[in-house]
């Protein structure tokens, strides 16, 4: 049994357990809507949409990532759990390189040279450094504002394609085997 098959099997077994949680009295009324909109479906398309939405919303600042993911999953019929988990790619270790990359992408769209401001080294307490970090992000300005949606869209499209490929690879292999016979 391949790793892909085991993972897909695990996802198929996970869905009934998640849907079973919806039998709580306070969630029972939402179940028809949730089932209809595939927000808790672990099939290929809702999972791909959910991960893509999570990658897009991961670049939203702070606690709005999860809220944005939930809203977009409800609207675009993506898996909420995969979207919320996918937002975890942005964390204190990765956000600075992602913002740098977004700045570089945004600078490509703006006329003239765009110079990235220097980030102050952490001196003193955490609050002072957080204030300096916020000032640095604000100083990034238009290149960052243009680069973040472009980077988010690129990451979302890549994630969507990778999930589709991950799920369709065994199907394509099986079709080729059957065609050879």
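Residue numbers (this note's numbering): 745 to 925.
All C-beta atoms in this analysis are idealised placements derived from N, C-alpha and C, irrespective of residue type, glycine included.
If you're wondering where the values come from, they're calculated on a predicted model, not measured in any experiment.
So is residue i buried or exposed if we call it buried at 16+ other beta carbons inside 10 Å?
| i | result |
| --- | --- |
| residue 869 | exposed |
| residue 916 | exposed |
| residue 796 | buried |
| residue 887 | buried |
| residue 792 | buried |
| residue 811 | exposed |
| residue 865 | exposed |
| residue 851 | buried |
| residue 906 | exposed |
| residue 790 | buried |
| residue 758 | exposed |
With C-beta atoms as the reference, is residue i less than 8 Å away from residue j?
| i | j | result |
| --- | --- | --- |
| residue 912 | residue 803 | no |
| residue 809 | residue 801 | yes |
| residue 799 | residue 883 | no |
| residue 845 | residue 889 | no |
| residue 827 | residue 806 | no |
| residue 843 | residue 783 | no |
Compare the C-alpha of residue i against each of the options and name the closest.
| i | options | result |
| --- | --- | --- |
| residue 834 | 899, 760, 924 | 899 |
| residue 760 | 769, 785, 773 | 785 |
| residue 750 | 773, 840, 910, 807 | 910 |
| residue 831 | 841, 847, 840, 814 | 814 |
| residue 788 | 849, 753, 881 | 753 |
| residue 926 | 767, 847, 838 | No statement about residue 926 is possible, as the shown extent of the chain runs from 745 to 925 and does not include it. |
**Segment contact, 8 Å Cβ cut-off, at least three pairs: the stretch 817-834 with the stretch 873-884** = no
**Prompt:** Touching or not, the stretch 847-862 and the stretch 812-821, by the rule of three or more beta carbon pairs under 8 Å?
**Reply:** no
**Request:** Could I get the ranges of all uninterrupted beta strand (DSSP E) runs contained in the stretch 787-841, with 3 residues as the minimum, in chain order?
**Result:** none
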